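Trainee:
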Amino acid sequence: MTSQAAKAKKKAKSTTRRKTAKRTGSIIHKTREAWLESAIQVLRPEFARAQRSIRVDFPKRYSKIKCTLPKKLKITCGWPSHRGTASRRRVLGQCWNPVVSTGKHTEIFISPFIEKSSRVLDIILHELIHAAIGTEEGHKHMFKTVMIALGLEGKPTATVASEELEKHFRKVIIPQLGKYPHKKMDVTEYKVADKPKTQGTRMIKVACKTCEYTVRTTQKWIDIGLVTCPNPECDDYQVEMEAHAPRTRGTGRPTQ
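Numbering (my numbering), first residue to last: 7 to 262.
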């Protein structure tokens, strides 16, 4: 078989696989990272389209707007470092500036909390805007201009796909990628069995080991001398009570 025939066969096989995925909603990519990396490649042309749209809609601002994605991009499924596992105002994606990468890659993290393919795609688009304009720009005017051109709506800090963009994902993008091969992780109620109780104050508990008479004081006074049990009915009356050092605070959540 010639190399040209082999390429044609491979292309036909890929096309058949995508058509099957379109009909059944099946999974094309076996890993989340493969799906996410392919999503970036499929979404790159969207930024070229957005650049043309900005040129038409915002001609005076065009010279200051940049919609070009960096070549060195990495993306994975993982908890954002800030509020990734919060119960409210949860962060669903994060883009890291290439200065923090020894490989000089722009690094993107997509929260394991999300499993719906179209929702993952609009989060990727949001993070790719940061990658294109620079994370230092935040969610200011430049970000808002690009997000509108791409079809995202809502607050710049919490964008969602517009109805038109959602339809584009469903009809054009997802059939090329297949279903996102991931099931949601919700750690909101997750607790570790041996999680230590936390002491929410700097006051240290001092208690009698016999009658459990309890007071709280600071380390300063403990260093001078411990309080004695004042309970006359206790077997350890006027015996020094024990100080219970505060335990270190534990989160009960995965390291971010």
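Beta carbons are placed, not taken as given, at the ideal position from N, Cα and C, and that holds for glycine.
This one's a predicted model, so the numbers in the text were calculated from it and none came from an experiment.
1. Quick check on the DSSP output: what are the complete alpha helix (DSSP H) runs of length 4 or more inside the stretch 115-141, in order along the chain?
2. My output table needs one value for A155: the three-state DSSP class, helix, strand or coil.
3. What's the C-alpha gap between L134 and C101?
4. Counting only runs that start and end within the stretch 202-254, where is the beta strand (DSSP E) found for 3 or more residues in a row?
5. For M148, count neighbouring Cβ atoms within 10 angstroms of its own Cβ and tell me buried if that reaches 16, exposed if not.
6. I think T234 touches E246, with their Cβ atoms under 8 Å apart; what is that distance to the nearest whole Å?
7. If you reduce the DSSP assignment to three classes, tell me which class A92 lands in.
8. Give every residue of the same chain whose Cβ lies closer than 8 Å to the Cβ of R96, excluding the five residues on either side of it in the sequence, and list them in chain order.
9. Below 7 Å CB to CB, which residues in the same chain sit around L98 once its five sequence neighbours on both sides are set aside?
10. Does the structure place the stretch 150-162 close enough to the stretch 221-240 that three or more beta carbon pairs sit under 8 Å?
11. Could you check where the beta strand (DSSP E) with K80 kicks off and where it finishes?
12. Does the stretch 37-55 come close enough to the stretch 73-90 to have 3 or more Cβ pairs within less than 8 Å?
13. Return the chain-ordered list of same chain residues with a C-beta closer than 8 Å to the C-beta of R176, the five sequence neighbours on each side being excluded.
14. Give the straight-line distance between the Cα atoms of E52 and V152, rounded to the nearest whole angstrom.
15. Could you check what DSSP says for A167 in three-state terms: helix, strand or coil?
16. Please state the DSSP three-state secondary structure of I180.
17. Can K211 and H250 be called in contact, C-beta distance under 8 Å?
Mentor: Answer, in terms of the structure:
1. 123-139
2. Here residue 155 refers to the residue found at position 149 when the sequence shown is read from its first residue. Three-state result, A155: helix.
3. Sequence index remark: in the sequence shown, residue 134 carries index 128 (1-based). Sequence index remark: in the sequence shown, residue 101 carries index 95 (1-based). Near 8 Å, if we compare the C-alpha coordinates of C101 and L134.
4. 210-213, 220-223, 248-250
5. For the purposes of this step, residue 148 is taken as residue 142 along the sequence shown, with counting starting at 1. Looking at its Cβ environment, which holds 16 or more other Cβ atoms inside 10 Å, M148 is buried.
6. Position 228 of the sequence shown, counted from the start, is the residue given in the question as residue 234. Position 240 of the sequence shown, counted from the start, is the residue given in the question as residue 246. Right, the Cβ-Cβ distance comes to about 6 Å (below 8 Å), so this counts as a contact.
7. The residue labelled residue 92 in the question sits at position 86 within the sequence shown. If DSSP states are grouped into helix, strand and coil, A92 belongs with coil.
8. As a first step, residue 96 is located in the sequence shown; it is residue number 90 there, counting from the start. R89, G90, S117, F119, listed in sequence order.
9. Translated into positions along the sequence shown, residue 98 becomes position 92. Result list for L98: S117, F119, I120, I129, in chain order.
10. no
11. Your numbering for residue 80 matches position 74 in the sequence shown. Counting along the chain, the beta strand (DSSP E) containing K80 begins and ends at 79-83.
12. yes
13. By one-based count along the sequence shown, residue 176 stands at place 170. Taken in chain order, the residues that qualify are S124.
14. Position 46 of the sequence shown, counted from the start, is the residue given in the question as residue 52. Position 146 of the sequence shown, counted from the start, is the residue given in the question as residue 152. If I take the Cα positions, the gap works out to 11 Å.
15. Here the question's residue 167 lines up with position 161 in the sequence shown. A167: strand per DSSP, three-state reduction.
16. By one-based count along the sequence shown, residue 180 stands at place 174. DSSP places I180 in helix when its eight states are reduced to three.
17. Within the sequence shown, residue 211 is the residue found at index 205, counting from 1. Within the sequence shown, residue 250 is the residue found at index 244, counting from 1. Cβ atoms of K211 and H250: closer than 8 Å.
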